[in-house]
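Counting along the sequence shown from 1, when you hit position 275 you're at 1101 in the numbering used here, and nothing is skipped either side. Don't be surprised by glycine CBs; every beta carbon is placed ideally from N, CA and C.
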Amino acid sequence: MQQQTLQQQAMSNEQQIAQMAFNKMLEQAIAIKAEYDPNANLRTVDFDQHTDRTYFVTLEGSLNDFALGTVQPIWKAKPGQEHIYQRIAGYDGKMPIYGGDLTKGICLEMILEEVTSNFPVPIGAIITNIEGKEYDKDGKNYAFIATKHCDKSPNKSIFEQVKGISRAMLEKYNDTSANQMESHCFRNVAGYTLVPNQSPLADMMRLNQEKFKMQIGIPKEAETYLKVATPIVDACIKRYEQDQDVTFMDMNNFNVQFERVGAEWNDPTGVIDNLRNAASGKQMHASNQRLTNKYTLTAKINMKLVCYGEEKK
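Shown next, in the form of structure tokens:
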């Protein structure tokens, strides 16, 4: 009986200590005033860490070169230069430190700013993991098709990320689901929910503070809780649940492949302007010459990209 009483006292003391710790946490929690708009389109990730760079993609060679395989019709980063897709996270002396795991790239937007080509035939570009918006007569799609007379400054979207990217954001915090994210909160404490300041939910509130009409000037690294109206928290969690996962791109393998649209590289059809007299020696010579001439295609592509994960030099 005495031992049972001692155990009860010990449990009671632990409960008191836990209650005191919770009361202190509640006392130190920072109350956040906010307004809930059920129609607000909430963002789920901060794009501030993305790279915004322009890449000059080139294709050089003859139609015969590509047909014979002596030149590969592919553009990609040179070996050891894959850091062109990473952000600069800092410097070690004068040497840049590149941030982000190249195997976890997410393209947010891709714009074809300029394109020029002196190839005598249309050339189609296929970009890794990008579903093209331009089609040939057989229905094959390309990221873009370049011709001698195409618009040289199209400034058009090749790709835009329309899916949610909560998967990447959750991975940043070693979480895998909205339920786990919610488990870090204390729900319905005096009509509010306590949200850890260092959490994806708090980051999302900062990101959408204008839509919630809230003022958050709290440093992200502060180890405290935010006391927020429960409907605001519910709206954020619901937005995460609505998101769809995206596929990470391995930027080590990112490339642009080129094809001759609608024909093999060395098919003489269409290579010369007028084939009515193609049997003549003069026309055949012109055709052969155009198959062996060197041509150049240059595309100026702006890409907004996020690489998540550890920083690497």
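Residue range of the alpha helix (DSSP H) that includes residue i
i     : result
L1123 : Where L1123 is concerned, there is no enclosing alpha helix (DSSP H), although the beta strand (DSSP E) it sits in stretches over 1121-1133.
E957  : Segment: none, E957 is in no alpha helix (DSSP H) and carries neither H nor E.
N1081 : Taken as a continuous stretch (DSSP letters only), N1081 belongs to no alpha helix (DSSP H), being part of the beta strand (DSSP E) at 1081-1086.
A1028 : 1026-1033
Own chain partners of residue i with C-beta closer than 7 Å, once the 5 adjacent residues on each side are dropped
i     : result
P922  : I914
Y917  : I923
Q1083 : P899, I900, I952
Q842  : none
Contacting residues, own chain, Cβ-Cβ under 6 Å from residue i (five flanking each side not counted)
i     : result
T884  : T1124
C855  : The amino acid at residue 855 is misidentified as Cys; the sequence shows Ala. Around A855: L1020, Y1051, K1053.
N1092 : L889, N890, A893, L1117
N867  : none
S979  : E940
Residue burial classification, residue i (beta-carbon count within 10 angstroms, cutoff 16)
i     : result
T1095 : exposed
Q907  : exposed
H876  : buried
G926  : buried
M1075 : buried
Same chain, Cβ closer than 8 Å to residue i, five either side skipped, listed in chain order
i    : result
I956 : C933, M936, A969, I984, F985
Three-way DSSP call (helix, strand, coil) for residue i in this model
i     : result
A915  : strand
S979  : coil
Y1018 : strand
E853  : helix
S943  : strand
Q862  : Residue identity check: residue 862 is Tyr in the sequence provided, not Gln. Coil at Y862, not helix or strand.
R1116 : helix
C1062 : helix
M1040 : coil
Min CB distance residue i to chain B below 8 Å
i    : result
M846 : Any reference to chain B falls outside this structure, which holds one protein chain only.
Residue interval of the beta strand (DSSP E) (run including residue i)
i    : result
D878 : 877-887
P817 : As displayed, the chain neither begins before 827 nor continues past 1139, which places residue 817 out of reach and without an answer.
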